[in-house]
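Those protein sequences? They're chains A and B, same order as listed. Going by our numbering, the first sequence opens with residue 13, and the numbers climb by one from there. Going by our numbering, the second sequence opens with residue 13, and the numbers climb by one from there. Accompanying notes for the structure given below.
Protein chains: 2
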Amino acid sequence: MKQDALSRSAEADSASQRKGAANENVDFGPLADWVGFHLRLAQTASFQAFVEEAREIDLSPGRFATLMLIGRNPGISQTALAVANGRDKSTLTPILEDLERRGFILREKLKTDRRSYQLTLTDAGRKMLEQLTACAKRHDDNLDRIIGAKDRAKFLKILQKITAEIGGEA
Amino acid sequence: MKQDALSRSAEADSASQRKGAANENVDFGPLADWVGFHLRLAQTASFQAFVEEAREIDLSPGRFATLMLIGRNPGISQTALAVANGRDKSTLTPILEDLERRGFILREKLKTDRRSYQLTLTDAGRKMLEQLTACAKRHDDNLDRIIGAKDRAKFLKILQKITAEIGGEA
DNA sequence: GTAAATTAGTTGGGTACAAAACCAATTTAG
DNA sequence: CTAAATTGGTTTTGTACCCAACTAATTTAC
Chain A
13 MKQDALSRSA EADSASQRKG AANENVDFGP LADWVGFHLR LAQTASFQAF
63 VEEAREIDLS PGRFATLMLI GRNPGISQTA LAVANGRDKS TLTPILEDLE
113 RRGFILREKL KTDRRSYQLT LTDAGRKMLE QLTACAKRHD DNLDRIIGAK
163 DRAKFLKILQ KITAEIGGEA
Chain B
13 MKQDALSRSA EADSASQRKG AANENVDFGP LADWVGFHLR LAQTASFQAF
63 VEEAREIDLS PGRFATLMLI GRNPGISQTA LAVANGRDKS TLTPILEDLE
113 RRGFILREKL KTDRRSYQLT LTDAGRKMLE QLTACAKRHD DNLDRIIGAK
163 DRAKFLKILQ KITAEIGGEA
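Written out as structure tokens, the structure is:
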């Protein structure tokens with residue numbers, strides 16, 4: 013029981029209603045209508061659920077997108093990976109170190125430009141990616157069920173639009 | 013023009029693309045269609061934009077929801093606040109310390125239960141909340157413009173549904 | 001050809017967060 | 001009433017992240 017307290021507030025009820033107990037009675041004010049706030053809550057909840065889903069696998073969910081992107085784009089550089097991933101390149105440094113140490117990826121210096129690494133998956137990496145993909149599929153099916161098939165595409169489109177446009181212009 | 017690469021994923025002849033290949037050519041594979049991934053990207057982008065919007069104000073955006081919730085629920089306890097906020101109570105400890113030190117909130121021990129604090133805004137806190145509210149309004153208007161007025165309610169509803177249901181059953 | 005600018009990646013400093021262990025006040029069992 | 005359980009909050013530990021400063025390799029300017 014971590015923050016599923018979020019979802020079921022009635023569970024811990026018993027008699028704890030007294031003062032400022034549950035969020036049932038909390039007034040969210042304008043927050044209740046603000047997209048940014050709910051975007052954060054939904055992202056956090058979804059992330060937590062994925063962690064749960066992937067608990068048996070010994071690889072944190074943050075690694076998943078990284079592994080997938082390397083698998084799909086063999087030879088990609090760390091910088092390109094960081095951009096695609098929406099993270100700072102410095103964030104990837106320790107992650108890639110770890111993935112390499114554990115034998116999931118290879119980092120080879122390019123002959124033609126000895127600054128860059130060329131990232132590729134090892135066989136173990138491909139195997140791990142498969143497991144993670146299965147996990148992610150279950151997780152995403154879950155989300156689909158919640159969102160509903162008919163709204164899914166629209167929802168996704170809006171998320172992408174936000175990502176692309178929110179910082180883009182003035 | 014940061015990650016509009018997100019939108020197109022299919023043109024993936026990239027592996028051969030030499031090093032400097034930007035994200036334009038990156039193949040996102042199944043990632044391109046997974047809600048969780050885009051939820052993360054959108055949340056990150058939206059958060060970044062809010063930071064930008066609130067740069068002139070000397071209070072980090074994470075404090076905003078906290079301040080709002082206290083303002084709307086005077087006397088709320090730290091635990092209730094944490095739940096409403098979707099954060100662990102331990103996360104709030106330093107935040108509330110900081111807000112108190114800066115004179116935006118009061119933390120008073122309850123007479124009837126000297127374990128709990130009763131949180132309230134000071135005048136300075138109310139003033140700050142007003143400023144932040146204006147910022148958040150601008151930010152949310154931005155999001156509205158991107159989402160489109162007619163899809164906004166639906167979108168919000170889905171976000172809330174995800175938050176409420178993703179961890180709940182299964 | 002060397003000096004300056006640019007680029008790929010790492011390091012260091014700092015923030016935000018969660019989980020678990022913990023303390024103190026309060027409630028419940030006996 | 002005391003002992004145990006529970007509850008509100010804090011501390012400690014560890015992870016993920018960003019940004020700014022840095023190093024090394026490479027490119028551009030002159």
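Even glycine gets a Cβ: it sits at the ideal position worked out from N, Cα and C.
Simplified DSSP assignment, three categories, for R119(B): If DSSP states are grouped into helix, strand and coil, R119(B) belongs with the strands.
query: Can you list, in chain order, the residues of the segment 75-87 of chain A whose Cβ is nearer than 8 Å to any Cβ on chain B?
result: With the criterion set as a beta carbon lying under 8 Å from some beta carbon of chain B, the members of the segment 75-87 of chain A are A77, M80, L81, G83, R84, N85, P86 and G87, in sequence order.
- prompt: By the 10 Å Cβ neighbour count, where 16 or more other Cβ atoms means buried, how is E202(B) classified, buried or exposed?
  reply: This structure leaves residue 202(B) out entirely; chain B is present only between 13 and 182.
query: So which residues on chain A does Q55(B) lean against when the C-beta distance must stay under 7 Å?
result: Within 7 Å Cβ-Cβ: L51, R52 and Q55.
- request: Work out the CA separation of F116(A) and C147(A) for me, nearest whole Å.
  value: Cα-Cα distance, rounded: 18 Å.
- prompt: According to a CB-to-CB cut-off of less than 7 Å, which residues of the segment 111-144 of chain A neighbour chain B?
  reply: Closer than 7 Å at the C-beta level to chain B, one finds these residues of the segment 111-144 of chain A: L122, D125 and S128.
task: Report the three-state DSSP secondary structure of T134(A) (helix, strand or coil).
output: Note: T134(A) maps to coil in three-state DSSP.
field: Rounded separation between I189(B) and A165(A) - CA only
entry: As displayed, chain B neither begins before 13 nor continues past 182, which places residue 189(B) out of reach and without an answer.
query: Per DSSP, what kind of secondary structure is I88(A) in: helix, strand or coil?
result: Three-state result, I88(A): strand.
- request: Compare the C-beta of R164(B) against all C-beta atoms of chain A and say whether one is closer than 9 Å.
  value: Taking Cβ atoms only, chain A reaches closer than 9 Å to R164(B), which makes this a yes.
field: Cβ of E68(B) within 9 Å of any chain A Cβ
entry: No, E68(B) lies away from the interface with chain A (no Cβ there is under 9 Å from its Cβ).
task: Measuring only between beta-carbons, confirm whether P42(B) sits less than 9 Å from chain A.
output: Chain A contact via Cβ: present.
query: Is there at least one Cβ from chain B nearer than 9 Å to I178(A)'s Cβ?
result: Residue-level contact by beta carbon holds for I178(A) and chain B, with a gap shorter than 9 Å.
message: As a quick exercise: from L155(A), L144(A) and A92(A), pick the residue whose alpha carbon is nearest that of S128(A).
response: Closest option to S128(A), Cα to Cα, is A92(A).
message: Going by beta-carbon coordinates alone, are L51(A) and L51(B) separated by less than 9 Å?
response: The beta carbons of L51(A) and L51(B) sit closer together than 9 Å.
Within chain A, partners of K173(B) - CB distance below 8 Å: In chain order: I158 and I159.
- prompt: Does any C-beta atom of chain B lie closer than 9 Å to the C-beta of L168(A)?
  reply: Contact of L168(A) with chain B is assigned, a C-beta pair being separated by under 9 Å.
- prompt: At a Cβ threshold of 9 Å, is L108(B) touching chain A?
  reply: Taking CB atoms only, L108(B) has no neighbour in chain A less than 9 Å away.
Rounded Cβ spacing between Q90(A) and L108(A) (contact assumed at less than 8 Å): Indeed they touch by this definition, with Cβ atoms about 7 Å apart.
message: Does any residue of chain A have a CB that is nearer than 9 Å to the CB of L104(B)?
response: At a cut-off of 9 Å, the C-beta of L104(B) has no neighbouring C-beta in chain A.
- prompt: Quick one: any contact between the segment 144-158 of chain B and the segment 35-47 of chain A, if contact means 3 or more CB pairs under 8 Å?
  reply: Three or more beta-carbon pairs separated by less than 8 Å link the segment 144-158 of chain B to the segment 35-47 of chain A, which places the two stretches in contact.
field: L168(B) classed as buried or exposed, judged by whether at least 16 other C-beta atoms fall within 10 angstroms
entry: Result: buried.
message: For A146(B), would you say it is in contact with chain A, using Cβ-to-Cβ distances shorter than 9 Å as the test?
response: The C-beta of A146(B) comes no closer than 9 Å to any C-beta of chain A.
- request: Apply the 10 Å Cβ neighbour rule to G160(A) and answer buried if 16 or more other Cβ atoms are within range, or exposed otherwise.
  value: Answer is exposed; the Cβ neighbour count stays below 16.
- prompt: Helix, strand or coil: which one does DSSP assign to A33(B)?
  reply: Here the model assigns A33(B) a pLDDT of 36, short of 50, so the residue's position is not dependable and the matter cannot be decided.
query: If we ignore side chains and look at the alpha-carbon of each, how far apart do L53(A) and D156(B) end up?
result: Cα to Cα, the separation comes out at about 18 Å.
field: Rounded separation between A94(B) and E68(A) - CA only
entry: Roughly 28 Å separates the two Cα atoms.
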